[in-house]
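Asker: Sharing a structure with you now.
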Amino acid sequence: MKNGKALPIFDYELELLQTLREKKMVAVLKSTGLGISEIMLRIICYFAETEPLWQNSQVCIITAPRLDLAITLIDRLARWYSDIEKSATRIVINNVTITAYPSHKLEGLRGLDNPKMILMDESDYFKKSLISEALVIAERYVAKSNPHVVLVSTPSMPNGLMDNLFKDPDSMYEKIKLPYTVGLGKIFTEEEIEKQKLSKSFEREFNLKFGLSEGNLFSYELVKKCVQEYDLKFQGGQRILAIDPAYSSSKFAIVGIEQIDGICYVKMAETFEFASPTAMAERIVLLSKDLSLIHI
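Take the sequence shown: its letters are residues 213 to 508, numbered as in the numbering used here.
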């Protein structure tokens with residue numbers, strides 16, 4: 213349903229269903245508004261009612277941190293059934309127990325005897341400290357009950373879960389990209405998209421660009437004008453090493469800049485998680501020698 217109007221199932225949704233029939237590990241990077249979360253709930257019900265191997269099994273849906281999001285998904289499933297066993301975060305459909313967990317409450321996923329699908333909804337927005345744990349818990353069942361493990365999300369920031377996964381050529385996941393263009397003339401009208409393009413978050417929310425949204429210093433349009441391709445080799449200009457020492461939970465960052473003919477070029481950039489001060493000091497000294505830096 214959209215704006216009170218019933219819509220048919222679309223080709224990109226049928227293609228997702230076909231992929232799930234053929235593949236067990238699937239990552240979906242998608243535009244907001246395509247109805248992917250909705251179709252995934254319907255696919256879960258479809259498999260629960262038609263797949264004999266799903267009898268007496270479990271489905272786990274992991275949502276963003278808030279408990280109310282998990283409750284909302286179970287309520288959405290319950291709309292399609294009457295007189296069905298249900299609690300706030302759990303529903304039973306044709307002897308398949310479907311439970312929704314907020315991403316900070318993963319203890320219940322351990323010790324399941326027969327999970328057949330683990331769906332991580334908006335997985336790119338899980339807290340960094342929980343992403344690895346969620347993947348380990350989900351993937352540990354591959355050899356046990358061979359479940360579907362499905363990651364679905366709109367893009368968040370560069371070097372996050374989905375960005376790294378989609379850049380990894382050796383990833384075990386089948387990767388699907390669904391930008392807004394797959395929904396044009398279907399779930400989106402041209403007029404709706406033209407209006408949406410006025411939003412500063414359009415490129416991230418609809419066009420699968422990681423981290424592109426309005427900051428509090430520079431507009432997206434200004435940043436876009438500053439981007440160009442150039443040679444990353446150092447060429448003898450003045451060089452500066454800029455360092456963000458990563459207070460609190462942020463990453464330690466190092467950026468190497470070279471000035472040539474009055475223009476500053478970013479020539480190298482590195483980030484480190486949980487970096488030790490000693491290791492970073494050694495790295496900075498090494499870079500300052502290798503790059504013959506004038507300033508640090």
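Each residue gets a CB set at the ideal place from its N, CA and C atoms; glycine is no exception.
(1) What is the DSSP secondary structure of Glu470, counted as helix, strand or coil?
(2) Answer yes or no: the CB of Trp266 versus the heavy atoms of the ligand HEM, is any distance below 7 Å?
(3) With DSSP as the reference, please indicate the residues paired to Ala481 in a beta bridge.
(4) Could you pull out every unbroken alpha helix (DSSP H) segment of at least 4 residues lying fully inside the region 283 to 352, listed in chain order?
(5) So, at 6 Å on beta carbons, what are the nonlocal neighbours of Val304 in its own chain, with the 5 sequence-adjacent residues on each side left out?
(6) Which word fits Val354, buried or exposed, when buried means at least 16 other C-beta atoms lie within 10 angstroms of its C-beta?
(7) Can you give me the C-alpha to C-alpha distance between Gln270 and Lys412, rounded to a whole angstrom?
(8) Please determine, among Tyr442, Arg495 and Gly245, the residue with the shortest C-alpha to C-alpha distance to Thr393.
(9) Which one or two residues does DSSP pair with Ser365 in a beta bridge?
(10) Taking just the CA atoms, how far does Asn268 sit from Leu373?
(11) Which residues bound the alpha helix (DSSP H) around Ala493?
(12) Rounding to the nearest angstrom, what Cα-Cα distance links Tyr224 and Met237 in this structure?
Answerer: Inspection of the coordinates gives the following:
(1) Counting from one through the sequence shown, the residue named residue 470 turns up at place 258. Three-state result, Glu470: strand.
(2) Of ligands this structure carries none, so the ligand HEM is not represented either.
(3) Translated into the one-based positions of the sequence shown, residue 481 becomes position 269. DSSP output for Ala481 lists Val467 as bridge partner(s).
(4) 340 to 351
(5) The sequence position of residue 304 within the sequence shown is 92, counting from 1. If we look at Val304 and ignore the five residues flanking it on each side, its Cβ neighbours are Glu297.
(6) Within the sequence shown, residue 354 is the residue found at index 142, counting from 1. Val354 should be labelled exposed.
(7) The residue labelled residue 270 in the question sits at position 58 within the sequence shown. The residue labelled residue 412 in the question sits at position 200 within the sequence shown. Taking the straight line from one Cα to the other gives about 40 Å.
(8) Mapped onto the sequence shown, residue 393 falls at position 181. Minimum Cα distance to Thr393 is reached at Gly245.
(9) Against the sequence shown, residue 365 aligns to sequence position 153. Answer by DSSP bridge pairing, in chain order: Leu241.
(10) Counted from its first residue, the sequence shown places residue 373 at position 161. Counted from its first residue, the sequence shown places residue 268 at position 56. For Leu373 and Asn268, the distance between alpha carbons rounds to 32 Å.
(11) Against the sequence shown, residue 493 aligns to sequence position 281. Pro489 to Asp502 is the extent of the alpha helix (DSSP H) around Ala493.
(12) Here residue 224 corresponds to residue number 12 of the sequence shown, with the count starting at 1. Here residue 237 corresponds to residue number 25 of the sequence shown, with the count starting at 1. Roughly 18 Å separates the two Cα atoms.
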